[in-house]
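In this note's numbering, the protein residues as written are 102 to 219.
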């Protein structure tokens, strides 16, 4: 509503009367009751979005993942030679020794031109 928008604008700038502050407080209570903290909406199905959604699920939550494309992956799908990582759970489980130093050495060996960014 126009009054709700006015209240929100006043609240954001630190102004507003008691009616506005009370309305916003009520709105927050309604949202807290209607949208429990064990649920999330993740926007973007790229590597970051998928990772966020997976973290919610791993911690017992429920998630809705939204993406503008008909398939998930985002720009991560363009990483045809792989997505690098170091010291991952999978590596540890398989007994593969890896850490940030080895990762940096491998990145530089692969042709990185700026060691300070590796």
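A virtual CB, placed ideally from N, CA and C, is assigned to each residue, including glycine. Values in this document were obtained by computation on a predicted structure and should not be read as measured data.
CA-CA distance, residue i and residue j?
{"i": "residue 180", "j": "residue 147", "result": "11 angstroms"}
{"i": "residue 174", "j": "residue 155", "result": "14 angstroms"}
{"i": "residue 206", "j": "residue 195", "result": "21 angstroms"}
Could you please give me the residues that DSSP links to residue i through a beta bridge?
{"i": "residue 142", "result": "165"}
{"i": "residue 174", "result": "147"}
Helix or strand or just coil, what does DSSP make of residue i?
{"i": "residue 216", "result": "helix"}
{"i": "residue 160", "result": "coil"}
{"i": "residue 210", "result": "helix"}
{"i": "residue 195", "result": "coil"}
{"i": "residue 189", "result": "coil"}
{"i": "residue 154", "result": "helix"}
{"i": "residue 184", "result": "coil"}
Below 8 angstroms on the Cβ atoms is my guess for residue i versus residue j; work out the distance and round it to an integer in Å.
{"i": "residue 197", "j": "residue 187", "result": "Contact doesn't hold; Cβ gap of about 10 angstroms is too wide."}
How do the region 168-180 and the region 137-146 stand: do at least 3 beta-carbon pairs fall below 8 angstroms, yes or no?
-> yes
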